[in-house]
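Residue 31 is where the sequence shown starts when you use this note's numbering, and the numbers rise one by one after that.
Ideal Cβ placement from N, Cα and C applies to all residues, glycine included.
To start, the structure under review is shown below, and the notes come after it.
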Amino acid sequence: MSTTDTTATQIPSPRRDMGPEEAVDTAIDEACRALHLPTIRSRVQEMAADAMRQRSSYKDFLADLLEAECGEREERRKQRLVRDANFPRPKRLEDFDYTENPNVTPEIVGTLSDPSWVKAGQPLCLIGDSGTGKSHLLIGIGTAMAEAGLRVRYTTTVNLVNELAEDADEKKLTRTIARYGRVDLLCLDEFGYLDLDKAGAKLLFQIFTEREERRAIAIASNAPFSEWKQTFTDPRLCTAIVDRVTFNAHIVETGTQSYRFAQSQKKRRR
């Protein structure tokens, strides 16, 4: 049986020794505090002055106040989603240098910056040598999805496997797998950098199974699919993971020419 909270929001009455203008300001301030409207509270004086100069109607003034509050609230939500994604450093898609990596085009990035593939639960594979922009793309795409209002989580593959192993020992594995299963986009960096034993591969496989065709997963790997059998030493597990990662996937090959190495060479020539 549901119950309705009938507790009234208490807004203190202005003190009687206040003048009319001060009493109004105090009432607005206290009401904004009680109703959790920080933007209106901080901007009402400025916006009221603008409304008077422009001779806005009361309804126009109210609409402007509410739009400002909603806009700031949405911006704070985006910032929180980006922060909760746990990116190791800020990277944005608009900062990606296409001149240094012709394998990645603005058209490819444009497609991946659209949240539709994440909402459809499709995988993304970024495959290429070290220094070719995989992590930049992975973090940039994740940031764009978080700013679009989606729940994103970034981690390296080794850190994820270690976390799963620790929680398995403490009998918290089911809860951890469910937590990673709830985010809209899971970004796995450094996929295939280190070999995994059979136990680690099985733990990782459970994450893929939990998310299969429901929630999107994006990986960045310096190893082509043909070399994944070195990371996942169990052939059947390797085949199953490749199948889940590549089915209906977006696959982007970033090439072999290291952007970082090219930048280092340029600096040495100066």
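Start-to-end residues for the alpha helix (DSSP H) that takes in T135: It is not in any alpha helix (DSSP H) - T135 carries neither H nor E in the DSSP assignment.
Contiguous beta strand (DSSP E) assignments of at least 3 residues, all confined to the segment 105-173: 154-158
Three-state secondary structure (DSSP) of D227: In this structure, D227 counts as coil in the three-state DSSP scheme.
Under the three-state DSSP convention, the category S32 falls into: With a pLDDT of only 49 at S32, under 50, the local geometry of the prediction cannot be trusted, and the value read off the model is given with reservation. Here S32 sits in coil by DSSP.
8 Å contact criterion, which M77 and D94 should meet: CB distance rounded: The pair is a contact, with the Cβ atoms about 6 Å apart (cut-off 8 Å).
Span of the beta strand (DSSP E), counted from its first residue to its last, around L218: 215-221
Cβ separation of A246 and Q152, assumed to be a contact under 8 Å, to the nearest whole Å: Going by Cβ atoms, the distance from A246 to Q152 rounds to 6 Å, so yes, they are a contact pair.
CA-to-CA distance, H66 to T263, given in whole angstroms: 55 Å
Where F262 sits in the DSSP three-state scheme: strand
Simplified DSSP assignment, three categories, for E243: coil
Through-space distance from W258 to F126, alpha-carbon basis: C-alpha of F126 to C-alpha of W258: approximately 27 Å in a straight line.
Alpha carbon of V54 to alpha carbon of R63, nearest angstrom: C-alpha separation (whole angstroms): 14 Å.
Spatial distance of H166 from R122 (CA atoms): 7 Å
For R85, the three-state DSSP class (helix, strand or coil): coil
Reduced DSSP category for R205 - H, G, I as helix; E, B as strand; rest coil: In the three-state reduction of the DSSP assignment, R205 falls in the helix class.
Identity of the residues DSSP links to H280 by a beta bridge: L154
Local conformation of T69 per DSSP, three classes: helix
Segment contact, 8 Å Cβ cut-off, at least three pairs: the segment 186-206 with the segment 135-153: They do not touch, by the three-pair rule.
Alpha-carbon to alpha-carbon, I157 and Y30: Limits of the chain in this structure are 31 at one end and 300 at the other, which puts residue 30 out of reach.
At least 3 beta-carbon pairs within less than 8 Å: the segment 173-188 vs the segment 201-216: Flag = yes, the segment 173-188 and the segment 201-216 touch.
Contact check, R244 vs L216, beta carbons under 8 Å: no
For E104 and T69, believed in contact at Cβ under 8 Å, the rounded distance: Going by Cβ atoms, the distance from T69 to E104 rounds to 11 Å, so no, they are not a contact pair.
Range of the contiguous alpha helix (DSSP H) that encloses T56: Note, T56: alpha helix (DSSP H), 50-64.
At least 3 beta-carbon pairs within less than 8 Å: the segment 272-282 vs the segment 223-230: no
C-alpha gap between E124 and L203, whole angstroms: 38 Å
Coarse secondary structure for A98, derived from DSSP in three states: helix
Other residues of its chain near A81: CB distance less than 8 Å, five sequence neighbours each side excluded: D90, F91, D94
Residue of E196, Q260, L267 minimising C-alpha distance to G222: Q260
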